[in-house]
Ligand code: SF4
């Protein structure tokens, strides 16, 4: 996902003789985790009295939050920096690509400062050096849950930073460091404040959500009079008490993930798992150094579905990993046929600079990887279409996201996350953020169509 924010907050009308507060422009690129970093920086800027400029012209300085995961993302980030320099001239760079300042400065020597991912203090310091904060901070202007770049009815909840794994194709741990879980009461307080602000759906994110609390050694924590442990299950159970949709992203198939599936069956959290399997061949998974690679995935999926028959599973895969043979790719296709996942994303392997797998022998030619990707997606499209068709006729709760460019009302079922999954196209206009039951009337390969025959709010 690439987000160019236009998180415009109208500057407070200037009183006579008072200088207007400095205005910061913000360009946010990359994944949901980077989006949360942007929200944190913006929140602190607003707390210090800065305003956020909706355009380059109105900004005294522009911050570009970059993504550095794939080559294409790096190029997009470098282009965005160039555009900000051309349009505004005063640019500070942060985010994943900021871990390589020499690369940025070689291409864009006019950049004022470069800071790395999650270096909130460093970004703020760099901004202070250019534009000192106004004397009277408008602390009261910032809501308790901070500023959000997502629509009002859903929000990402980042439960940890960094990653303790060392997947051979990935440089995230180099860019963002080792796993650091946020204290459980802090995460739950943020979730509560989001719900109080009207959020109807919380999307739990991190690099590896199921590893939550490992670095804290599952420290005991007290919350609302209850004795808890800082672990994934307790976190999910407490979030499930909030009475809103709770969706789990970036979950790895560790054995303890089995424990959260009953919470889904009980309706406490959404019956949805975003679980990046990446491959199905044991040899490739080992070469990828994937966490929980040895678990018997198909058996686990069957058991999860036995406990929670509605469970929707989203996953991502990489094809064309170095040394991937045609037989190993066929193993992946067989896995998909048997697993019958709901949503699948597929990438071709990219030899990212600094990743261990980039130096492996037997790199797969790009055209072979691309052809495998197309075959995999064709198979999955058929499976997704069949799974969606099975929902036709059902009464389903949906959360309305709002109108599309054609004026149609778009919503999502419990089985679809914003931005990455499918949509439900409604036959009536319903305001964004409404939860209601709809009758599914049709489907295609990606989306559902529904009739608003019962607009009572969903329980
Ligand atoms: S789990 Fe693997 S792919 Fe995901 S961030 Fe960590 S090292 Fe990268």
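Residue numbers (the working numbering): 16 to 474.
Here a beta-carbon is modelled for each residue, glycine too, at the ideal position from N, C-alpha and C.
Going by CA-CA distance only, name the one from the options that's closest to residue i.
i	options	result
residue 319	90, 450 and 278	278
residue 436	139, 461 and 221	461
residue 328	341, 270 and 430	430
residue 147	36, 391 and 311	36
residue 483	236, 38, 52 and 249	Any answer about residue 483 is impossible in this case: the structure gives the chain only from 16 up to 474.
residue 114	195, 92, 256 and 273	92
residue 304	184, 47, 95 and 275	184
residue 376	382, 383, 366 and 385	366
residue 136	403, 56, 449 and 177	56
residue 267	95, 370 and 220	220
residue 370	47, 181, 446 and 96	181
residue 317	353, 73, 306 and 330	353
residue 179	168, 196, 90 and 164	196
residue 428	411, 419 and 434	411
residue 237	199, 256 and 321	199
residue 107	83, 101 and 138	138
residue 208	360, 169 and 222	169
residue 360	129, 231 and 290	290
residue 288	275, 299 and 294	275
residue 447	454, 423, 415 and 422	415
residue 89	110, 128, 386 and 399	110
residue 48	364, 98, 252 and 83	83
residue 364	71, 68, 74 and 87	87
residue 166	400, 401 and 218	218
residue 330	117, 421, 374 and 399	399
residue 222	269, 173 and 397	173
residue 213	463, 468, 454 and 450	450
residue 112	313, 380, 374 and 368	368
residue 102	187, 128 and 71	71
residue 98	121, 351, 374 and 126	126
residue 325	405, 202 and 421	405
Is the beta carbon of residue j closer than 8 Å to that of residue i?
i	j	result
residue 439	residue 426	yes
residue 224	residue 264	yes
residue 259	residue 215	yes
residue 302	residue 335	no
residue 242	residue 233	no
residue 133	residue 193	no
residue 456	residue 443	no
residue 391	residue 332	yes
residue 323	residue 280	yes
residue 176	residue 191	yes
residue 50	residue 227	no
residue 347	residue 296	yes
residue 285	residue 262	yes
residue 96	residue 119	yes
residue 283	residue 240	no
residue 357	residue 402	yes
residue 229	residue 54	no
Just checking: is the beta-carbon of residue i within a distance shorter than 8 Å of some beta-carbon in chain D?
i	result
residue 445	Among the chains of the structure shown, chain D does not appear; only one protein chain is present.
Per the DSSP calculation, residue i is bridged to which residue(s)?
i	result
residue 66	38
residue 387	None, per the DSSP bridge assignment.
residue 262	218
residue 360	331
residue 170	217
residue 241	238
residue 458	463
residue 79	42 and 108
residue 293	332
residue 288	263 and 328
residue 195	176
Report yes or no: do the segment 71 to 78 and the segment 40 to 48 share at least 3 C-beta pairs separated by less than 8 Å?
yes
Would you say the segment 47 to 67 touches the segment 332 to 349, given that touching needs at least three Cβ pairs under 8 Å?
no
Enumerated in chain order, which unbroken segments of the beta strand (DSSP E) with a length of 3 residues or greater are wholly contained in the segment 298 to 340?
327 to 334
Where are the alpha helix (DSSP H) runs, 4 residues long or more, that stay fully inside the segment 94 to 148, in chain order?
116 to 122 and 135 to 145
Contiguous alpha helix (DSSP H) assignments of at least 4 residues, all confined to the segment 373 to 450
381 to 404
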